[in-house]
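Quick mapping for you: the protein sequence lines, in order, are chains A and B. Everything in the first sequence is counted per the UniProt record's numbering, starting at 1 for the first residue and increasing by one. Everything in the second sequence is counted per the UniProt record's numbering, starting at 1 for the first residue and increasing by one. From the three backbone atoms N, C-alpha and C, an ideal C-beta is built for every residue, glycine too. For clarity, every value in this text was computed on a predicted model and none was experimentally measured.
Protein chains: 2
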Amino acid sequence: MAQHDDSGRAADQVVHSIAERIRLGDLPDGQPLPPERDLMEEYGISRTVVREAVRTLSSRGLIEALPRHRPVVRKPGFDAAIDAVGSIVTHLLSEPGGVRNLFDTRIMVEAALARQAAQLATRDDIAALKEALEANAAAVEDSEEFYRTDNAFHGVLYQIPQNPVLPAIHRAYTTWLAPQWSQMPRLPERNRTNLGAHKAIYDAILMRDPDAAEARLRDHLSKAWAQVRETFGDV
Amino acid sequence: MAQHDDSGRAADQVVHSIAERIRLGDLPDGQPLPPERDLMEEYGISRTVVREAVRTLSSRGLIEALPRHRPVVRKPGFDAAIDAVGSIVTHLLSEPGGVRNLFDTRIMVEAALARQAAQLATRDDIAALKEALEANAAAVEDSEEFYRTDNAFHGVLYQIPQNPVLPAIHRAYTTWLAPQWSQMPRLPERNRTNLGAHKAIYDAILMRDPDAAEARLRDHLSKAWAQVRETFGDV
DNA sequence: TTTCCACGTTTAGTCATACCAAAACTGACC
DNA sequence: GGTCAGTTTTGGTATGACTAAACGTGGAAA
């Protein structure tokens, strides 16, 4: 029996093989992976290698490996992709200008979304925006809840184009920028300011005015950024 | 001595610790990781765990682990992040509508970039665009070269905002969408069409007309998409 | 002196075995 | 039929061993 692989990376072949089986639906979503002992027999490898393969698959986001449970196949969605980069992004954000750069892309993306919303939003989209806005308004006194509804309002913008990539990006932004936000002082006063900004954006979309929608949104996020700067200085 | 960790995931702690040391510059970029034997002693763990940790760090993109070499610390750039998701994205693109969804975000992003370019491009930016356009024009008869210069032209758009995240995104798009493109028929005729589109975009930016720039760009990429559809049908 | 190669020394890759503790399963008991 | 205790799996880790490739060193050759 070939005890030693020729290429020097037997684990990678197993990773590839299992990844392929997942992609082809051979290992369906939600199903637990075969036990490590079975896999070692199946591939003719030691458990060491199996474990390394499982590890890799896990950090690639193709399986979900909770501590003492059987790894579960997780057919990756766009947000699994977001998870996979989380570690790197953390590093990047800790570098000077990192947060700024990320936030700038957020401004750019949401500006484009606001513009698109003003042009293409359906009646249902507008209704969803209105609902989110009202939920946001109802929470001005509860900063915790305001934070959630604030996010939800922005989230509606990401849903309007009906592209599943976008909500994943929204989740990425909120996840990665959360550390900054969670340390910021939350005051009903600020909530009211932000609510006003949300309403302005909503109005511009309602008026089908892309330029205004973009401008209001940029203004809103730029002010949010100014608050971050106030709290953290340069980041 | 505590032979078994209480949490059930000693490796993750090691991963976190080493990641932190990399982030803080304790393990500088380009330096090889300490030998596995040293790490096991340092952390008081077995080699099994060390290896799993190294594996994880590697697939997270924080170190580069060539087959039989010492893993090398690789302070991740934005494009290391792109690598990390490659595996998942492959899966996503193989599903119906996957390529379409990704390409739509590209249209959205580049539309925003074109708009921004029309508003904010400096003289140098315009010069860079012009240069890229001329290189593109010089390559109409050489489809291979035209492909490269085409990419480069779009790449300039991603460079204008001076945000390092954006070029990484451009690389991501070209990498992930390359499989489709590389199988498409390349004809000087099509090259000329695309060149004309590029020129139209350039002109709009030169005229400082954001609406026109966005419109020309959307038109350009939509036609490119139509060609993809022609070649592959629904993807 | 510089270059280059043979040699011994690390070190990553893998295997085999063993143990523990937490899950998962099974069956008896209420 | 539902609950709980006991048994069997299964993941997490440790230990030791062996192979082959990479590395480092010093001496021989140019």
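query: Pairwise C-alpha distance: B:R148 and B:L187; result: 14 Å
query: Per-residue burial, A:P96 [other beta carbons within 10 Å of its own, 16 or more giving buried]; result: exposed
query: Three-pair Cβ contact test at 8 Å for the region 86 to 105 of chain A versus the region 140 to 157 of chain A; result: no
query: Proximity of B:I82 and B:V72 at Cβ, strictly below 8 Å; result: no
query: Reference A:T175; option with closest CA among A:A84, A:K75 and A:L24; result: A:A84
query: 8 Å Cβ cutoff met for A:A213 and A:A117; result: yes
query: Residues that DSSP places opposite B:E64 in a beta bridge; result: B:V72
query: Reduced DSSP category for B:P185 - H, G, I as helix; E, B as strand; rest coil; result: coil
query: A:A128 to A:A137 span [Cα, whole Å]; result: 14 Å
query: Whole-angstrom distance between A:R55 and B:H170, CA atom to CA atom; result: 30 Å
query: Residue span of the alpha helix (DSSP H) that contains B:D234, given as start and end; result: Element bounds for B:D234: n/a, residue is neither H nor E.
query: Beta-carbon proximity list for A:Q227, same chain, < 8 Å, skipping 5 on both sides; result: M184 and R190
query: Euclidean distance between Cα positions of B:V165 and B:A172; result: 11 Å
query: CB contact check: A:S87 to chain B, cutoff 8 Å; result: yes
query: N-terminal and C-terminal residue of the alpha helix (DSSP H) that A:R100 is part of; result: G98 to L120
query: Test: A:N151 CB closer than 8 Å to a CB of chain B; result: no
query: Beta-carbon contacts of B:E141 that lie in its chain and below 7 Å, excluding the five residues immediately before and after; result: P188
query: Residues, ordered as in the chain, of the region 163 to 179 of chain A that lie near chain B by beta-carbon distance below 9 Å; result: N163, P164, V165, L166 and I169
query: Environment of B:E110 [buried if 16+ CB atoms lie within 10 Å]; result: buried
query: Selected residue, minimal CA-CA separation from A:V15, among A:A168, A:I45 and A:H69; result: A:I45
query: Spatial distance of B:R115 from A:L195 (CA atoms); result: 28 Å
query: Under 8 Å by beta carbon: chain B residues contacting A:E64; result: By Cβ distance, chain B contributes nothing, its closest Cβ being about 13 Å from A:E64, past 8 Å.
query: Closer than 7 Å at the beta carbon, the chain B residues around A:A112; result: M108, A111 and A112
query: Short Cβ contact (8 Å threshold) for B:R60 with A:I88; result: yes
query: Spatial distance of A:L223 from A:L92 (CA atoms); result: Per the sequence shown, residue 223 of chain A should be read as Lys rather than Leu. Spanning the two alpha carbons is a distance of roughly 23 Å.
query: For B:E42, the first and last residue of its enclosing alpha helix (DSSP H); result: E36 to Y43
query: Simplified DSSP state of A:P32, which is helix, strand or coil; result: strand
query: Amino acids of chain A, ordered along the chain, whose beta-carbon sits closer than 7 Å to that of B:F78; result: L92
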